[in-house]
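Residue numbers (the numbering used here): 322 to 1079.
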Amino acid sequence: MTTAVPPLDSPFPERGPNAAADAATDQAPATAATAPRPRWERPAYLALLLGTAALLLWNLSASGYANSFYSAAVQAGSESWKAFFFGSSDAGNSITVDKPPAALWPMALSVRLFGLGSWQILVPQALMGVGTTAVLYAAVRRQFGPAAALLSGVTFALTPVAALMFRFNNPDALLTLLLTVTVYCVLRALDGAHTKWLVLAGAVIGLAFLTKTLQAFVILPPLALLYAVCAPTRLRRRLGQLLLAGLAMVVAGGWWVAIVELWPAGSRPYIGGSQNNSFLELTLGYNGLGRISGDEVGSVGSGARRAGGAGAGGGGGGWGETGIDRLFSANIGGQISWLLPAALIMLVAGLVITWRARRATDSVESMARAAFLAWGGCLLITGLIFSYMQGIFHEYYTVALAPFVAALVGMGVAVLWEERGGLAASLTLSATVALTAWWSYALLGRASGYLPWLRWTVLAAGLLAAAGLLIGSRWRPGSRTGGRLLLGAAALGVGAALAGPFAYCLTTVDSGRSGSIVTAGPAVAGGAGGPGGMRFKRAGAEGFRGGFPGGPQGATQGAPQGGFPGGAQGGPQGGMPGGAPQGGQAGAAPGGQGGQGVPGAAGGAGGRGARSAMGGPGGGLLNGTKASAEATAALRANAGGYTWAAAAVGAQNAASYQLASGEPVMPIGGFNGSDPSPTLAKFQEYVKAGKIHYFIGQNDGGTGAEGGQGARGGAGGPGGPGGGTSSAIAEWVKAGFKATTIGGATFYDLTAPVSGTS
322 MTTAVPPLDS
332 PFPERGPNAA
342 ADAATDQAPA
352 TAATAPRPRW
362 ERPAYLALLL
372 GTAALLLWNL
382 SASGYANSFY
392 SAAVQAGSES
402 WKAFFFGSSD
412 AGNSITVDKP
422 PAALWPMALS
432 VRLFGLGSWQ
442 ILVPQALMGV
452 GTTAVLYAAV
462 RRQFGPAAAL
472 LSGVTFALTP
482 VAALMFRFNN
492 PDALLTLLLT
502 VTVYCVLRAL
512 DGAHTKWLVL
522 AGAVIGLAFL
532 TKTLQAFVIL
542 PPLALLYAVC
552 APTRLRRRLG
562 QLLLAGLAMV
572 VAGGWWVAIV
582 ELWPAGSRPY
592 IGGSQNNSFL
602 ELTLGYNGLG
612 RISGDEVGSV
622 GSGARRAGGA
632 GAGGGGGGWG
642 ETGIDRLFSA
652 NIGGQISWLL
662 PAALIMLVAG
672 LVITWRARRA
682 TDSVESMARA
692 AFLAWGGCLL
702 ITGLIFSYMQ
712 GIFHEYYTVA
722 LAPFVAALVG
732 MGVAVLWEER
742 GGLAASLTLS
752 ATVALTAWWS
762 YALLGRASGY
772 LPWLRWTVLA
782 AGLLAAAGLL
792 IGSRWRPGSR
802 TGGRLLLGAA
812 ALGVGAALAG
822 PFAYCLTTVD
832 SGRSGSIVTA
842 GPAVAGGAGG
852 PGGMRFKRAG
862 AEGFRGGFPG
872 GPQGATQGAP
882 QGGFPGGAQG
892 GPQGGMPGGA
902 PQGGQAGAAP
912 GGQGGQGVPG
922 AAGGAGGRGA
932 RSAMGGPGGG
942 LLNGTKASAE
952 ATAALRANAG
962 GYTWAAAAVG
972 AQNAASYQLA
982 SGEPVMPIGG
992 FNGSDPSPTL
1002 AKFQEYVKAG
1012 KIHYFIGQND
1022 GGTGAEGGQG
1032 ARGGAGGPGG
1042 PGGGTSSAIA
1052 EWVKAGFKAT
1062 TIGGATFYDL
1072 TAPVSGTS
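Now the structure itself:
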């Protein structure tokens, strides 16, 4: 939408006095990409990147190893190139993580260069956040100018879930960066029908596939359709370019898949998350279509869904109620939705304003329309899938929406500002500011006792800014007073819109986040996440947030507010809500302060109790145990004589001991303990060959009804598909080897069988 250099009182590009002359002489109007840079742009851009880096790096080590499931794989990859290539959980290469390995590679290289530690693992993630901000800025600036780009960059950096995930070691950080780069490349390709940019976009999507499989393909339909319809070249060439981009995508994402599928299964690690040792099965099932339908064989929620139909969570099976309002719900709203209503309004407004544009290469308006269609299409399709998917869904997935929301906000403000002299545009801009202030007020109110003064300040400032924008736009044209009123109201409106998410970001970086399921900001009323929950650390205390699938609402209420308001000091009071991920009947174990109570469950036939999810002395499904000094010393003793210093059921348990000792620990059954790896016969073969020193059991908890021991009881393991394998191994170890308590954990020395056994 940009044409000429803006007047001094306007931060956004707009039509200037030379627009008519340009049209009369058939001269292409100046765009933001070709217009002279204002003097303030470079300092502002540098401040944006430095501010983003400061936010993401602040207190980074507080999260420790963050998600130890991935940290263990990073540690393994830093010691073994084979583990690096496959994404193995351990340097012995027994099993991979349940994702392709691209997200692990930058972290593993960092650890190879600088040694194992929290900073070495998490700094690459933080740098990806800075890189995403830079790419987003560049994409928006080309058509909408530096002020719009700056607003988009700040909006993205201050999105709470972005501040969380770019300080964490899940694959979502790299995925979000690659999705942003993809949109940028497609927009560059559209601006002149450049084949190289479209091919590059395809290659980036291929790399995104190696980061988080099919989620990378979610944005393909709107982007491919946009190029096929709007690229300024003949149809045959457009289709040929799309085919080349598709080929680049297949090559960039398929080379690793081909190697893995062709590699002899006996000489590579088992593909974690699959039931048949197949990456294609993992891609299409557990990490693919199963996420949409909820039928994810091997996941902790699949048993509950099969046993109880829709589950307690309503339309979402066991992962929360689905529906168009899911992204605004109690546990998700504070992560991503602060400016989501504004982004949707800006999308509609931007399309209305630019709809009359031609497809010609020199049409600035057509490229602006294409930008709205690209970012808006990605937002809508991703948001709809997140809203209605019935399989595993965690709040932090919504980080993929953050660049789309931020881009639409910056672009929409730019076009409405340009059209502010019209009543419809001024009303839309004013109403959007008022709506955003009200929604921030509502979100801040969900966290009991969280900065009560802020929610009222945001509401008052937002309403005042909305009134100022409306009055200023109706002022006499050219009035200096009216211009100053408009700029002041605009600045106040931006401050009111970003104050709430900024506070959530500060709360997020003020305390560490670790475990498998994490959320940004303070505990909120009615927030019940996926199974397990977030483990948060602050001032030496630990607690948990969240619950099992189907857990009651309000699971996170009652968390004390400490440190920066909303920072977790002791965690929720009492026991956590229970659930039945493997089809058992839910029950709740009593808990004391600090979130020490954990879910309990009685396993159904063929199932296992679900008490493993919360860690504790024996570790758990979603959060590993804390390895004692005694246990660590035992694992290190004579470790060089074994392929694995130990084996433990579940990847989080194994990861905790592996990270503490630096020695490979075999995760039996993979992440959920439900993968059939290794088989009992294979495990017995390893033991007979002297490749495993210890089996680490669990010594706290009870017994699941009819299904054998609970996952936290004795040496039991989860049930479900493949889960009988880990349980059979645990029972065989218990029957044939003597248990010894080392540092509070139960160790079985696999080199010393009980007399008379083999």
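Ideal Cβ positions, reconstructed from N, Cα and C, are used throughout, including at glycine.
Run of the beta strand (DSSP E) containing residue i, from where it starts to where it stops
i, result
"Y1069", "1066–1074"
"S835", "833–835"
"I1017", "1013–1018"
"V986", "986–989"
"A969", "965–970"
Limits of the unbroken alpha helix (DSSP H) element including residue i
i, result
"F1058", "Run containing F1058: none in the alpha helix (DSSP H); it sits in the beta strand (DSSP E), 1058–1063."
"S431", "425–435"
"W774", "773–794"
"R463", "439–478"
"R567", "In the sequence as displayed, the identity of residue 567 is Gly instead of Arg. Residues 556–583."
"W518", "516–533"
"V504", "493–511"
"W738", "723–739"
"Q1005", "1001–1009"
Classification of residue i by the beta-carbon crowding that lies within 10 angstroms, buried from 16 upward
i, result
"W659", "buried"
"R358", "exposed"
"G474", "buried"
"K533", "buried"
"P773", "exposed"
"G793", "buried"
"E984", "buried"
"K517", "exposed"
"P364", "exposed"
"P1080", "Lying outside 322 to 1079, the shown extent of the chain, residue 1080 is not represented and no answer is given."
"L371", "exposed"
"T703", "buried"
"K1059", "exposed"
"I666", "buried"
"L694", "buried"
Neighbourhood of residue i by C-beta, 6 Å cutoff - its chain only, sequence neighbours within 5 removed
i, result
"Q917", "Because Q917 sits at a pLDDT of 30, beneath the cut-off of 50, its placement in the model cannot be relied upon, and the following sentence gives the value as read from the coordinates. The answer is none, since no qualifying residue turns up."
"G945", "S389, Q973, N974, A976, S977"
"I1063", "E951, A952, A955"
"P1074", "G1057, F1058"
"N608", "T534"
Nearest-angstrom beta carbon gap, residue j and residue i [assumed within contact, 8 Å]
i, j, result
"G641", "R767", "15 Å between Cβ atoms; not a contact."
"V432", "Q396", "7 Å"
"L700", "V726", "6 Å"
"Q536", "L568", "The pair is not a contact, with the Cβ atoms about 21 Å apart (cut-off 8 Å)."
"A424", "P492", "4 Å"
"G413", "W965", "5 Å"
8 Å Cβ shell around residue i - same chain, five flanking residues per side excluded
i, result
"T1000", "T1046"
"C506", "W518, L519, L521, A522, V525"
Residue i at chain D interface by Cβ criterion, 8 Å
i, result
"L371", "The question asks about chain D, but that chain is absent: this structure has only one protein chain."
Spatial distance of residue i from residue j (CA atoms)
i, j, result
"F406", "W426", "8 Å"
"A817", "G733", "17 Å"
"A692", "L500", "15 Å"
"L668", "L956", "57 Å"
"S401", "V525", "26 Å"
"L471", "A969", "49 Å"
"W379", "Q446", "13 Å"
"P662", "L756", "8 Å"
"A478", "L737", "23 Å"
"Q1005", "I989", "13 Å"
"A752", "V578", "50 Å"
"G851", "Q711", "Confidence in G851 is poor, its pLDDT being 33 and thus under 50, which makes the residue's placement too unreliable to answer from."
"A455", "L560", "31 Å"
"S410", "H1014", "18 Å"
"G611", "L601", "13 Å"
"A1082", "L528", "For the chain, the structure presents residues 322 to 1079; residue 1082 sits outside this window and is missing."
"A549", "L541", "12 Å"
"N652", "A844", "9 Å"
"G644", "H715", "15 Å"
Distance cut-off 7 Å: residue i Cβ against heavy atoms of the ligand MN
i, result
"W577", "This structure lacks the ligand MN, and indeed carries no ligand of any kind."
Other residues of its chain near residue i: CB distance less than 7 Å, five sequence neighbours each side excluded
i, result
"P481", "G655, Q656, P822, Y825, C826, T829, A841, G842"
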